[in-house]
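Engineer: Residue numbers (this note's numbering): 3 to 178.
Sharing a structure with you now.
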Ligand code: SF4
Ligand code: SF4
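Spelled out as structure tokens, the structure:
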């Protein structure tokens, strides 16, 4: 133990330093807010609850190719066909790490992470996202221009960005 440590121990200097800091902070502006009455603006590109995107005609964009489920590092997306032939799409949100890989992988821009962060619940079922909940989330949080703008602004490049340049050679048909 050094002399400095001994002085610190017997003079309680660190306690006084801590108390001085507390006293100073008592008269400065609070950094906390009264949530949920007060809210801070959502950061641009925030990754919140998932939604399945819809076309303007109201149909889901998802074609159930399963790419998002394959790339998901948490393995929390389930894309499967039900016995009645209907496509099913589920996200076990409690396992999601909000990496955004599903959004990047989707070739159709069919899944998005909305700005919604208020989806707590008392049971797992309340938080678990089924296909109908995911589609409803699109209407609730991303409908109209908002979804399109948000999507194109924060999730680039997308499949549409990879068009073949006109000068690039490509298959033109069978040679004579
Ligand atoms: S954000 Fe990441 S962890 Fe969450 S569902 Fe998508 S790929 Fe999986
Ligand atoms: S969200 Fe996209 S990647 Fe996932 S299954 Fe649907 S179309 Fe395929």
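We put the CB at the ideal spot given by N, CA and C, even for glycine.
Three-state secondary structure (DSSP) at residue 154?
Structural biologist: Position 152 of the chain shown, counting from 1, holds the residue named residue 154. Here residue 154 sits in helix by DSSP.
Engineer: Just to check, is the beta-carbon of residue 75 closer than 7 Å to a non-hydrogen atom of ligand 1?
Structural biologist: On the chain shown, residue 75 is found 73 positions in, with the first residue counted as 1. Yes, since a heavy atom of ligand 1 falls inside the 7 Å radius drawn around the Cβ of residue 75.
Engineer: Assign residue 54 to buried or exposed, taking buried as 16 or more other Cβ atoms, counted over all protein chains shown, within 10 Å of its Cβ.
Structural biologist: As a position in the chain shown, residue 54 is number 52, starting the count at 1. Classification of residue 54: buried, given that the 10 Å Cβ count is 16 or more.
Engineer: Around the Cβ of residue 23, are there at least 16 other Cβ atoms within 10 angstroms (buried) or fewer (exposed)?
Structural biologist: Against the chain shown, residue 23 aligns to sequence position 21. Residue 23 comes out exposed.
Engineer: For residue 76, which residues of its own chain have a beta-carbon under 7 Å away from its beta-carbon, when the five flanking residues on both sides are left out?
Structural biologist: Position 74 of the chain shown, counted from the first residue, corresponds to residue 76. Counting only Cβ-Cβ distances below 7 Å, and skipping sequence neighbours, we find 97, 98, 99.
Engineer: Using a threshold of 7 Å, is the CB atom of residue 33 nearer than that to any non-hydrogen atom of ligand 1?
Structural biologist: By 1-based counting over the chain shown, the position of residue 33 is 31. It does not: the Cβ of residue 33 is nowhere closer than 7 Å to a heavy atom of ligand 1.
Engineer: Go through its chain and collect everything with a Cβ distance to residue 83's Cβ below 8 Å, but skip five positions before and after it.
Structural biologist: Numbered from 1 along the chain shown, position 81 holds the residue referred to as residue 83. The residues are 66, 89, 90.
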